[in-house]
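Enquirer:
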Amino acid sequence: MAVQAVAQEWEQFGFRKLGFVFDVPLGFVLKETAENGGGATFEAEDGAFLTVWGDDLPERNFKTTVQTQLDADEDEGWDVTYRRVTPTWASYSGVKDGRIRYVRAIAICNDRVGIFQLDYDVEDKVPCDPIVVRMVRSLKAEAC
7 MAVQAVAQEW EQFGFRKLGF VFDVPLGFVL KETAENGGGA TFEAEDGAFL
57 TVWGDDLPER NFKTTVQTQL DADEDEGWDV TYRRVTPTWA SYSGVKDGRI
107 RYVRAIAICN DRVGIFQLDY DVEDKVPCDP IVVRMVRSLK AEAC
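Under our numbering, think of the first position of the sequence shown as 7, with each following residue one higher.
(1) Per DSSP, what kind of secondary structure is Ala78 in: helix, strand or coil?
(2) Could you please give me the residues that DSSP links to Gly33 through a beta bridge?
(3) Which runs of the beta strand (DSSP E) fall wholly inside the region 47-75 and span at least 3 residues, in chain order?
(4) May I ask which residues mark the beginning and end of the alpha helix (DSSP H) holding Arg143?
(5) Could you check how far apart the C-beta atoms of Ala96 and Arg90 are, in whole angstroms? I think they sit under 8 Å.
(6) Over the uninterrupted beta strand (DSSP E) stretch that includes Gly20, give me the two end residues.
(7) Please report how far the alpha carbon of Glu17 lies from the alpha carbon of Val30, in whole angstroms.
(8) Is the Cβ-Cβ distance between Arg118 and Leu63 less than 8 Å?
Structure representation (structure tokens):
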């Protein structure tokens, strides 16, 4: 997945209702969309999973929303090894059972949040690093 995704074209995917877009790496196939139009799951042949979703921010509190997600991942056994939370964006990553989870979130117009979560094998970390960087750069608010 990693080598192919760097060399080929990616596909832009977005949630107009929630006001954000991001690039999906080549090789990921759309598996499911949420009935409410607020999320989607993609899968690659090598078992990597990409989940993306958005929602309204309760009480317009981005940091609390991200911390709640991070706490849920830790409660599920993810050993969070990196975290950075700012008022407008957040990233964290962790490991569990030979897998890496990378999560990126952005505040959208101060009242919504857009999030992607990428889960992949630990042995794919080096080739996946540039993919994660591109995905981070591509996740952005479309309009307020």
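Heads up, the beta-carbon is just placed ideally off N, CA and C, and yes, glycines get one too.
Expert: On the basis of the coordinates in this document:
(1) helix
(2) Looking at the DSSP assignment, Gly33 forms no beta bridge with any residue, so it has no partner.
(3) 55-62
(4) Lys131 to Ser144
(5) 7 Å
(6) Glu17 to Phe21
(7) 5 Å
(8) yes
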